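Colleague: The numbering used here applies: residue 1 is where the sequence shown begins, and numbers increase by one.
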Amino acid sequence: MNFEFTEEQIMIQQMARDFAHAEIAPSAVERDLTGEFPHEIIAKMGELGLMGMMVSPDYGGAGLDTVSYVLAMAEISKVDASVGVIMSVNNSLVCWGLEHYGSDYVKEKYLTELASGRKLGAFCLSEPEAGSDATNQNTTADKDGDHYLINGMKNWITNGKNADYYLVVAQTDRAKAHKGITTFIVEKGMPGFEQAKKEDKLGIRSSDTCSLSFENVRVPKENIVWEEGKGFNFAMATLNGGRIGIAAQALGIAEASLEAALKYSKQRKSFGTEIINHQAIQFKLADMAVKVDAARLLILQAAAMKDAGRPFVKEAAMAKLYASKIAVDCALEAIQVHGGYGYVREYLVERFLRDAKITEIYEGTSEIQKIVIARELLKSVS
Ligand code: CAA
């Protein structure tokens, strides 16, 4: 076992850190207030190879491994988790799935643009009545010659307003239940495809989350990803990797919380000394540090297993379950260390809490992660 990163992984981490501090940090507070989408930042991230990190250079990607992706995701999310989720969805829910399951046509037409960051992608699985219960798809796609007509509604779609290409999961044969589900690529601007209102969220406020409506949206059969009837398996396989990305986002928030608590406790004085000299504060910092390291190890384990081509379903779910929980814990403790100052916007830690909460909800709630973990455990006993 080797706990050293490669030179390339360290370089990618440093590049993401430098970029986050120089280009993302200055506008993060303002964007949290206004909810403005970080267009320029995302364009620059595309130029740096951060939007298609794991995609082969043949299709416009950076050709890096999942470990490098995780390191970069955490650095970006440490400064702004809104930018983190935009990056995560494009990398792991859109590009990764297209590279692994897309036809040559799909890869050439769509993946190259998405992985290079010239276009942005969204992953459309959730519906008003299909969140955790993801097989309960009501969106339909009916065959019409060489095309399909998509009708229905999608909810909670990250990048929903600003994406160019949407992976849309729809029922092509209800009689076959989840084996009658298919994934299509829908382009922004296709007639009948509308973006509804942007949600006003507690956290990750400058990422855009919105619902989408489809009314007889005519999509060519070449836009099917993988094949008809494989759309649910596609979504599940893609989400396994997505969960590693969200775990890394949560890790970034937890690291930021720990750093903020540490810094503040060395400055703030009470009872005649810096509060870091009080054991009550030291215990909090120690607990946070253990949680951050444990989350990082779980995430790196899942990423390394994915890179090695080994099954990583359980490990990805464990990483997301734990990292999202400790992100909330660490943000709460950072607020506690800051006292009243932690409760106001000036000190950032209240944003960390608002941003952390969603990591326990999207890409599979914590309860879903436990189901996934338990099912994998059951498979291992005869
Ligand atoms: N990896 C690979 N395949 C999986 C899988 C996984 N983690 N979980 C299920 N599958 C496969 C099964 O093997 C099965 O395939 P076959 O029939 O071919 O054998 C198929 O999927 C159906 O599985 P189940 O019978 O287990 O289905 P289920 O209805 O009992 O439950 C579930 C499955 C795990 C609860 C699943 O519905 C689930 O993960 N739900 C959560 C969905 C989710 O994460 N939504 C997030 C939305 S996306 C998002 O948040 C994006 C964003 O914008 C940020």
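Cβ coordinates follow ideal geometry from the N, Cα and C atoms, glycine included.
None of the values given here were measured: they were computed from a predicted structure.
Is it true that the CB of Glu113 sits closer than 8 Å to the CB of Lys107?
Modeller: Not a contact, by the Cβ cut-off of 8 Å.
Colleague: Count the other CB atoms within 10 Å of the CB of Ile12; is the residue buried (16 or more) or exposed (fewer)?
Modeller: That one is buried.
Colleague: CA-CA distance, Asn2 and Ile76?
Modeller: Rounded to the nearest angstrom, the two C-alpha atoms are 25 Å apart.
Colleague: Could you tell me whether the segment 85 to 99 touches the segment 234 to 245, using the rule of 3 or more Cβ pairs below 8 Å?
Modeller: The segment 85 to 99 is in contact with the segment 234 to 245.
Colleague: Between Glu23 and chain D, is the shortest Cβ-Cβ distance under 8 Å, so that the two count as touching?
Modeller: The displayed structure is made up of one protein chain only, and chain D is not part of it.
Colleague: Please name the residue, chosen from Thr135, Glu363 and Gln279, that lies closest to Met318 on a Cα-to-Cα basis.
Modeller: Taking only the C-alpha atoms, the option nearest Met318 is Glu363.
Colleague: Would you say Ala304 and Val67 are within 8 Å of each other, going by their C-beta atoms?
Modeller: Yes, the Cβ-Cβ distance between Ala304 and Val67 is below 8 Å.
Colleague: Does the ligand CAA have a heavy atom nearer than 7 Å to the CB of Ile244?
Modeller: No, since every heavy atom of the ligand CAA falls outside the 7 Å radius drawn around the Cβ of Ile244.
Colleague: State the start and end residues of the unbroken beta strand (DSSP E) segment that holds Trp156.
Modeller: Unbroken beta strand (DSSP E) run through Trp156: His147 to Thr158.
Colleague: So which of Arg345, Met288, Thr365 and Asp355 has the shortest CA-CA distance to Ala316?
Modeller: Closest by alpha carbon: Thr365.
Colleague: Which residue marks the beginning of the beta strand (DSSP E) containing Pro38, and which one marks its end?
Modeller: Premise fails: Pro38 is in no beta strand (DSSP E) and is neither H nor E.
Colleague: Check whether the segment 212 to 230 and the segment 38 to 54 touch, using three or more Cβ-Cβ pairs below 8 Å as the test.
Modeller: No, the segment 212 to 230 is not in contact with the segment 38 to 54.
Colleague: Considering Cα atoms alone, identify which of Val83, Phe193 and Ser211 is closest to Ala20.
Modeller: Checked all of Val83, Phe193 and Ser211; the closest Cα to Ala20 is Val83.
Colleague: Considering Cα atoms alone, identify which of Gly117, Leu297, Ile361 and Asp142 is closest to Ile86.
Modeller: Nearest C-alpha to Ile86: Gly117.
Colleague: Can you name the residues that DSSP bridges to Gln267?
Modeller: Paired residues: none, contrary to the question.
Colleague: Three or more C-beta pairs under 8 Å: does that hold for the segment 123 to 132 against the segment 243 to 259?
Modeller: Because the criterion of three Cβ pairs below 8 Å is not met, the segment 123 to 132 and the segment 243 to 259 do not touch.
Colleague: Quick check: does the Cβ of Ile157 come within less than 7 Å of any heavy atom belonging to the ligand CAA?
Modeller: Because some heavy atom of the ligand CAA lies under 7 Å away, the Cβ of Ile157 counts as near it: yes.
Colleague: Classify Ile371 as buried or exposed, calling it buried when 16 or more other Cβ atoms lie within 10 Å of its own Cβ.
Modeller: Classification for Ile371: exposed.
Colleague: Which first and last residues belong to the alpha helix (DSSP H) in which Lys291 is found?
Modeller: Element bounds for Lys291: Gln279 to Asp307.
Colleague: Based on DSSP bridge pairs, tell me the residues matched to Glu274.
Modeller: Partner(s): Lys269.
Colleague: Grouping DSSP H, G and I as helix and E and B as strand, with all else coil, what is Ile204?
Modeller: Three-state result, Ile204: coil.
Colleague: Indicate whether Phe184 and Ala170 have their beta-carbon atoms separated by less than 8 Å.
Modeller: Yes, the Cβ-Cβ distance between Phe184 and Ala170 is below 8 Å.
Colleague: Does the segment 210 to 226 come within contact of the segment 145 to 158, defined as at least 3 CB pairs closer than 8 Å?
Modeller: As far as the Cβ criterion goes, the segment 210 to 226 touches the segment 145 to 158, which means the pair count is three or higher.
Colleague: Return yes when at least one heavy atom of the ligand CAA lies under 7 Å from the C-beta of Met73, else no.
Modeller: No, since every heavy atom of the ligand CAA falls outside the 7 Å radius drawn around the Cβ of Met73.
Colleague: So, using beta-carbon positions, are Arg354 and Gly203 closer together than 8 Å?
Modeller: Yes, Cβ-Cβ distance for Arg354 and Gly203 is below 8 Å.
Colleague: Given this structure, state the Cα-to-Cα distance separating Ala237 from Lys266, to the nearest angstrom.
Modeller: Distance between the alpha carbons of Ala237 and Lys266: 45 Å.
Colleague: Excluding the 5 residues preceding and the 5 following Trp156 in the sequence, name in chain order all residues of the same chain whose CB lies nearer than 8 Å to its CB.
Modeller: Excluding sequence neighbours, Trp156 sits near Ser126, Gly131, Glu199, Thr209, Ser211 and Tyr362.
Colleague: Hey, quick one: how far does the beta strand (DSSP E) through Glu346 stretch, first residue to last?
Modeller: Careful: Glu346 lies outside any beta strand (DSSP E) and carries neither H nor E.
Colleague: In or out: Glu47 buried (at least 16 other Cβ within 10 Å) or exposed?
Modeller: So Glu47 counts as exposed.
Colleague: Three-state secondary structure (DSSP) at Glu255?
Modeller: Correct three-state label for Glu255: helix.
Colleague: Does the ligand MG have even one heavy atom less than 7 Å from the beta-carbon of Lys201?
Modeller: This structure lacks the ligand MG; the ligands present are the ligand CAA.
Colleague: What residue from Gln9, Thr135, Val29 and Ala122 has the CA that sits closest to Met73's CA?
Modeller: Cα-wise, what sits closest to Met73 is Gln9.
Colleague: Can you tell me whether Asn216 is helix, strand or coil according to DSSP?
Modeller: If DSSP states are grouped into helix, strand and coil, Asn216 belongs with the strands.
Colleague: Report, in whole angstroms, the separation of the C-beta atoms of Ala235 and Ala134, which I expect to be a contact under 8 Å.
Modeller: About 7 Å separates the two Cβ atoms, so the contact holds.
Colleague: In the DSSP assignment, what are the bridge partners of Thr209?
Modeller: Answer is Thr158.
Colleague: Which same chain residues, not among the five before or five after Tyr343, have their C-beta less than 7 Å away from its C-beta?
Modeller: Counting only Cβ-Cβ distances below 7 Å, and skipping sequence neighbours, we find Ile335 and Glu350.
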